[in-house]
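Student:
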Amino acid sequence: MVAGDPAERNAARLLVLGAGPAQLGLLAAARRHDLYVIAVDRDPAAPGFRYADRRAIVSTEDEAAIERLAAAERVDGLIAPGIDWPVAIAARVADRLGLPHPVSPDTATLSTSKLRQREVFAAAGVPQPAYVVCSGTDEAAAAAEQVGYPCVVKAPDRQGQRGLTLVPEPRRMRSAVEVALDASRSATLLVEQHVAGHEVTVNGFSLGGRFRPLTVTDRLTAEPPAFGVALAHVPRVGEVATRLGGGHDAELCRAVLGVDLNGLALAAALGWEIAPLQLAPVAQAGGGCVRFLVAPTGELRRVAGLEEAYAVDGIKGIRLYRKPGHRFGPLLRGSDRAGAILAVSASREEALRQADRAAELIHFDTVPVETPLQKV
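Note that our numbering has the sequence shown beginning at 21, numbered continuously upward.
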């Protein structure tokens, strides 16, 4: 599409905050829905840019730049899928520009603060891990004695594993506090009770004031264990996010239940009407899974075995996040993954087996690099 093209003038214009692996499903859905997409990401090599009509090398946390871009591009809506902090930015920018948005600025801000969520859950009597707000090592050590070891030390305003450490004993506290404060935007941290159990994520959609749960997913993780909703004697709520999941949850929902969460999120961001029937699940499979791929450290030369992997029964999709030339470091967070496999079958267990079988067929050929690995 070029400027002045009739198709550009007539298509709804959407600004997507983020073009990384967590946004691939939404960006692909926007392309299927014939939207005109402007994507922003600070990474010039972000894989989602291939779905965008226009790209802007802008941080998803640069609110002023995002507002200027949204106004200049005359967008009809904004969305921040898969990442927490930009959710509030999208809501505030939409509010100031008079654009439709499914989440109010206040609610969006609440959803991006683990501390505010803890306070609101406590006021409402929602079961959750015990927690203490701290600002340094001495306070954190005292808080750990209160909630007990092992405990979780985390930044209150970061996503996933960033700024988070499972602390098994007192001598590990100082380094955990340093990690949390280094990541924290507010110079504070949370010390939380570690609730051992099974982590579960519930994905759903709110329409007309009613929350409609759709999928319940668990995670098989590398050490240390991931943190979220843990089940002990009663369920404990870890956190709530007002966005699409970053682990291809929307694609999994569509493959297993036939509900297009990406399409619904696009409609909500543009202020389009959503019919309740669009949220009615129709089972497509007995179970499904997303199996992430990890490449050896080094510079990627090529990826082999994709055709063989696609031929495995039940494989619905394979996403590769990086092109040859990308340098992989150690697996520290979600953005370090190399790709993902979506599989469905008659049961969850069979889907996992099929995904593992496909993963064994995919080979990432990397070569060592002499200089320190850098993100590209």
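Just so you know, even glycine gets a beta-carbon here, dropped at the ideal spot from N, CA and C.
Which value, in whole angstroms, describes the spacing of the CA atoms of A100 and E87?
Tutor: For A100 and E87, the distance between alpha carbons rounds to 13 Å.
Student: Let's test the definition: count the other Cβ atoms within 10 Å of the Cβ of P122 and tell me whether it reaches 16, buried, or not, exposed.
Tutor: P122 should be labelled buried.
Student: Under a three-way DSSP split, which group does Y330 fall into?
Tutor: If DSSP states are grouped into helix, strand and coil, Y330 belongs with the helices.
Student: For the pair the stretch 349-369 and the stretch 322-337, tell me if three or more CB-CB distances fall below 8 Å.
Tutor: At 8 Å Cβ cutoff, the stretches touch.
Student: Kindly indicate the opening and closing residues of the beta strand (DSSP E) around V60.
Tutor: Element bounds for V60: 56-60.
Student: Distance check for A358 and F312, CA to CA, integer angstroms please.
Tutor: The straight-line gap from Cα to Cα measures roughly 8 Å.
Student: What does DSSP give as the partner residues of T187 in its beta bridges?
Tutor: This sequence places Val at residue 187; Thr is not what is there. Paired residue(s): C171.
Student: Assign P106 to one of two classes, buried (16 or more other C-beta atoms within 10 Å of its C-beta) or exposed (fewer than that).
Tutor: Under this definition P106 is a buried residue.
Student: Nearest by alpha-carbon distance to G318: which of A300, V389, R373, D269 is it?
Tutor: Checking every option, the nearest Cα to that of G318 belongs to V389.
Student: Going by DSSP, name the residue or residues bridged to E212.
Tutor: Per DSSP, Y151, V172.
Student: For the stretch 63-73 and the stretch 274-292, state whether three or more C-beta atom pairs, one from each stretch, are separated by less than 8 Å.
Tutor: They do not touch, by the three-pair rule.
Student: Could you tell me if H214 is buried or exposed, where buried requires 16 or more neighbouring beta carbons within 10 angstroms of its beta carbon?
Tutor: Buried, since its Cβ has 16 or more Cβ neighbours within 10 Å.
Student: Per DSSP, what kind of secondary structure is V95 in: helix, strand or coil?
Tutor: Here V95 sits in coil by DSSP.
Student: Measure the C-alpha to C-alpha separation of T386 and R321 and round it to an integer number of angstroms.
Tutor: Rounded to the nearest angstrom, the two C-alpha atoms are 5 Å apart.
Student: What's the gap between the Cα of L251 and the Cα of E81?
Tutor: At L251, the pLDDT of 32 sits below 50, so the modelled position is not reliable; the number obtained from the coordinates is stated separately. Straight-line Cα distance between these residues: approximately 33 Å.
Student: Could you tell me the distance, in whole angstroms, from the CA atom of R94 to the CA atom of R116?
Tutor: Going from the Cα of R94 to the Cα of R116 covers about 13 Å.
Student: Of the residues V113, A108, D104, I103, which one's Cα is nearest the Cα of R92?
Tutor: In the sequence as presented, Arg is not what sits at residue 92; that position holds Ala. Comparing Cα-Cα distances from A92 to each of V113, A108, D104, I103, the minimum goes to V113.
Student: Under the rule that 16 or more other beta-carbon atoms within 10 Å means buried, what is T127, buried or exposed?
Tutor: Its Cβ having fewer than 16 others within 10 Å, T127 is exposed.
Student: For the beta strand (DSSP E) containing R232, name the first residue and the last one.
Tutor: Looking at the DSSP string, the run of the beta strand (DSSP E) that includes R232 is 230-238.
Student: Which one of R239, V211, G229 has the shortest CA to CA distance from T221?
Tutor: Of the candidates R239, V211, G229, the one whose C-alpha sits nearest the C-alpha of T221 is R239.
Student: May I ask which residues mark the beginning and end of the alpha helix (DSSP H) holding G217?
Tutor: Note, G217: premise wrong, no alpha helix (DSSP H); not H, not E.
Student: Going by other Cβ atoms of all chains shown within 10 Å of its Cβ, with 16 needed for buried, is N30 buried or exposed?
Tutor: Burial call: exposed.
Student: How would you call S204, buried or exposed, if buried means at least 16 neighbouring beta carbons within 10 angstroms?
Tutor: Buried, by the Cβ-count rule.
Student: Pull the bridge partners of L362 from the DSSP assignment, please.
Tutor: Per DSSP, V310, G337.
Student: Give me the Cα-Cα distance between V332 and A378, rounded to the nearest whole angstrom.
Tutor: Looking at the two C-alpha atoms, the distance is approximately 6 Å.
Student: What first and last residue would you give for the beta strand (DSSP E) that runs through T262?
Tutor: Segment: none, T262 is in no beta strand (DSSP E) and carries neither H nor E.
Student: Would you mind reading off the limits of the beta strand (DSSP E) that contains E319?
Tutor: Residues 318-324.
Student: What residue range does the alpha helix (DSSP H) around A114 cover?
Tutor: Where A114 is concerned, the enclosing alpha helix (DSSP H) stretches over 105-117.
Student: Just to confirm, are A50 and V57 a CB contact at a threshold of 7 Å?
Tutor: Yes, Cβ-Cβ distance for A50 and V57 is below 7 Å.
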